[in-house]
Amino acid sequence: HKTISKDETYAERLVQNLDKLGQFFLRVNCIDSLDRTNSFLLMYYQHLNQTQHINLDINDLKQNFLITGNICSKQYASSEAMKQDFTLSGKRTTSGKLKDLGIWFTRLIRNNLCDGVEMDGYRLVQKEFRTQKEVQLSFQWFFWVMLAVTAAIETVCYYFGGDRKIGLMWGMPFAMSLLFLVILFGF
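For the sequence shown, the numbering used here assigns the number -15 to the initial residue and increments by one for each residue that follows.
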């Protein structure tokens, strides 16, 4: 670690030491776009490996990205990383997309219904002081509103259609779609 003079910028210093740049690589990850970041960085390092003639075994690099992507994903999203087929083969496959659908569904259920305490911790770190009890209270409030909307739709359908089946046919799917939106977007 040498001191950089006032006249020398950090970029100039890096350019002067280009021969040392190929001796390491930096692994970063954006937690909010975890799977895309993992895929992009792998493609970037494959490009560096080809253009700068860095002697890295590409299969080892892919395995490292798969393992570190899974570790980061399990810490934050409580599941494996998506796009593992792309990480290993460089192509999206049907089986990989189906596995990603399963991972997405697992994340949807766990992150919205099962990990309230963990999410409270993330919210506190991010200075969003909204606890799981407040979320449950707003969810309970919405449940009663949803029930009232369903009853209103059933009443209107019964009044105009003269049949309770029509009310159930329109009221229940509407209420379930509202519930799905609440779970998905956290209204």
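Beta carbons: idealized from backbone N, C-alpha and C, even for Gly. This one's a predicted model, so the numbers in the text were calculated from it and none came from an experiment.
Where residue i falls: helix, strand or coil (DSSP)
i    : result
M66  : coil
A136 : helix
D41  : coil
K75  : coil
Q110 : coil
Sequence-distant residues of its chain with Cβ nearer than 6 Å to residue i (five each side left out)
i    : result
S23  : K67 and F70
T90  : S63
W88  : none
F171 : Confidence at F171 is low in this model, with a pLDDT of 48, below 50, so its placement is unreliable and no value can be given for it.
Residue range of the unbroken alpha helix (DSSP H) whose run includes residue i
i   : result
G86 : T78 to I93
Residue i versus the options, residue with shortest Cα-Cα distance
i   : options                 : result
G53 : L25, T35, I42 and N33   : L25
K58 : A136, G80 and D19       : D19
S73 : Q34, A132 and N43       : N43
D84 : D104, L45, A65 and V101 : A65
Neighbourhood of residue i by C-beta distance below 7 Å, restricted to the same chain and skipping five residues each side
i   : result
Q47 : none
R76 : D69 and F70
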